Amino acid sequence: MDKWLPGISQRSQAHIQDRVARLGSQMGGGPRPEFRAALKERLMNAPEPADASYESAGPARPTRRATLFPQLLSVGLGAALFTAGVATYQSMPGDALYPVKRAAENTLFHLSTDDAERAGRSFGYAETRAHEVEELLGSTRAEGPLIEETLKAMEDTTRSAVTSLRRVQRHDAKSRGELKRFVQKQRNQIEGMLPKMDAENQRRANGYLHYIDGLTHPGDDDTPRSQDVTGR
């Protein structure tokens, strides 16, 4: 006590210690029972602290299901687009997707870099029209107007190809050989379809055969002959 109260006499210090002891006995040696009960209840109802290891783990990783859904969605969209593309490519005159097919062909034609490429595409489209006519004649919906429109589209496409070849003046041996093979293939295919056509479509098909037969004779590409292959 001398260290705490310097300058106070020993008697006065003894008196102060006696009074502090009496005051402590009056107040009791510890906290009141009500305070202890309230403190215990508060401690029991306090929320548990967050797990330190969880807080330091960083942001939660996405679940496997969350990452798998975009992948499945992409695969599904890709499959749908592929299926739509195949359906468009295989569509026939009269189908709902056929105008899309023809529009795609027209777009590719105009995207060609030169007349030689345009000619090649046009010859390919002419062969496609011939296959479409053959499919229409073999189907249950062999409607005359659809066949007539497809025959006309085939002829227009072939004439477009010939025009492109003329602009680039590709009269070398390779080009003549390709043109000759195209004419022969078209002739064989269309002549086999003639018996299935009505009179009007036979007339149009014979006119086309007459036209392509003149393509293999230089200088006679567009010159009408005195009679067509039917002798008319």
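Residue numbers (the working numbering): 3 to 234.
Glycine included, each C-beta is placed from N, C-alpha and C at the ideal position.
Please read all numbers here as calculations on a predicted model, not as lab measurements.
Check whether residue i and residue j have beta carbons under 8 Å apart
i	j	result
M94	A128	no
L211	L181	no
S162	S124	yes
G191	E137	The residue you asked about is not Gly; residue 191 is Gln in the sequence shown. It is not a contact, given that the beta carbons lie outside the stated cut-off.
Own chain, CB closer than 6 Å to residue i, minus 5 neighbours either side, in chain order
i	result
E150	N203
G96	L148
Residue environment, residue i, which counts as buried when at least 16 other CB atoms sit within 10 Å
i	result
L70	exposed
A121	buried
M46	exposed
S141	exposed
Q186	exposed
Rounded separation between residue i and residue j - CA only
i	j	result
I214	L153	13 Å
R206	E134	16 Å
A118	E193	28 Å
G146	D200	7 Å
P197	K103	28 Å
L167	P72	49 Å
L139	L148	10 Å
F111	A105	10 Å
F184	S177	11 Å
A54	R44	Confidence is the limiting factor: at A54 the pLDDT is only 48, short of 50, which leaves the residue's position unreliable, though a coordinate-based value still follows. A54 and R44: Cα-Cα distance of roughly 23 Å.
T109	P101	12 Å
P35	L41	10 Å
Neighbourhood of residue i by C-beta, 7 Å cutoff - its chain only, sequence neighbours within 5 removed
i	result
L99	A89, T90 and S93
T159	S124, Y127, A128 and R131
D20	none
E107	Y127
Contacting residues, own chain, Cβ-Cβ under 8 Å from residue i (five flanking each side not counted)
i	result
G179	none
V170	D116, D117, A118 and A121
R189	L211, I214 and D215
M195	V135, E136, L139 and A207
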